[in-house]
Amino acid sequence: MLVHAGAALGIGAVALTIMAAKSAHRPSQPIFDPVSTQVRALPPPRHQGAAAAVAPPSPARPISPEVVAPPEIARLELERIEARPPLGDLGLAPPPKRIEPDDWEGTLLYRPVVTSSASFEAMGYTILLSGTKAIGSDQDCEFEGISWRCGERAMLAFRYWLRGRAPLCQVLPPAERQPVAAACRLGKQDVGAWLVSNGWAHALPGGGYEKAEEVARKAGMGMFGPPD
């Protein structure tokens, strides 16, 4: 019986030793404070706390609105007025430079047929001499109480002078043929100047032949003179 008791004591000692060894290797359980497990809000930073402490600005208060505020503008209907005239001639476009006969470049028109005292047709073109106005073919003129058919006489004078000659005229390309006002010359003679200075056509205002008509009127040339 002693042997059995000693064996039992030995087994118990071994069991206690094993349990002690396991407890030595087991990590100790942390002890948590139930209060500490609750999430606590962190205090705001100092600069944020200062900003939160400042109250939001109140809306601006108008100061002297009758002085600072813009006055009310009455709604009026717009009215178009004429443009202001220029202060001088400096900004105006200069008048076109008159082309001298020696500087002309154009097209020779052969076999011209006179249609009035200041127009003719040739090679499909209908030319109205620029700066001139034809005398009506049925117009009558009076000289010292005598009436005579100056319109027919002016047309005949132009026809005799232009017959068999080819005037050089500033005309458009053939594809653009139509009645056009053009300057023409025969040699160095301006056709329009010849007609007006001889009294067989009127000078249009601004056409450049006004002085030539005055000379013809004073000299009694063409329609300003006696019948031939």
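In the numbering used here, the protein residues as written are 14 to 241.
Backbone N, C-alpha and C fix where the C-beta goes; we use that ideal spot for every residue, glycine too.
What span of residues does the alpha helix (DSSP H) with leucine 142 cover, start to end?
Run containing leucine 142: none in the alpha helix (DSSP H); it sits in the beta strand (DSSP E), 138-142.
Proximity of leucine 208 and serine 130 at Cβ, strictly below 9 Å
yes
In three-state terms, what does DSSP make of lysine 231?
helix
Going by C-alpha distance, which of Phe133, Ser160, Pro192 is nearest methionine 168?
Phe133
Once you ignore the five residues that flank methionine 136 on each side, which residues in its own chain have a CB closer than 6 Å to its CB?
Leu122
Backbone secondary structure at valine 204 - three-state DSSP:
helix
Range covered by the alpha helix (DSSP H) that runs through alanine 170:
163-175
By the three-class DSSP mapping on this structure, what secondary structure does glycine 129 have?
Sequence inspection shows serine at residue 129; the glycine mentioned does not correspond to that position. Serine 129: strand per DSSP, three-state reduction.
Own chain residues within Cβ distance below 8 Å of valine 193, not counting five before or after
Tyr138, Thr139, Ile140, Leu141, Val184, Leu185
Local conformation of valine 184 per DSSP, three classes
coil
Which residue's Cα is closest to the Cα of proline 240: Glu95, Asp153, Ile94?
Asp153
Simplified DSSP assignment, three categories, for leucine 15:
Unreliable positioning characterises leucine 15 in this predicted model, as indicated by a pLDDT of 45, which lies under 50. The coordinate reading is nonetheless provided below. Helix at leucine 15.
Taking buried to mean at least 16 other C-beta atoms within 10 Å of its own C-beta, is glutamate 226 buried or exposed?
buried
Less than 7 Å between C-beta atoms, sequence neighbours within five positions excluded: which residues of the same chain meet that for arginine 230?
Phe237
Residue from Gly205, Gly235, Glu157 whose Cα sits closest to the Cα of tyrosine 222
Gly205
Using alpha carbons as the reference points, say which of Gly200, Ala196, Leu91 lies closest to glycine 144.
Ala196
Please report the straight-line C-alpha distance between cysteine 163 and proline 98, rounded to a whole angstrom.
44 Å
How close, in whole Å, do the beta carbons of proline 125 and leucine 175 come, if the pair is a contact with beta carbons under 8 Å?
5 Å
DSSP three-state call for alanine 196: helix, strand or coil?
coil
Return the residue from the list Ile148, Thr128, Leu199 that minimises the CA-CA distance to glycine 212.
Ile148
Are glycine 172 and valine 127 touching if we call contact CB-CB under 9 Å?
For the record, residue 172 in the displayed sequence is arginine; it is not glycine. Closer than 9 Å, so yes.
For glutamate 223, the three-state DSSP class (helix, strand or coil)
helix
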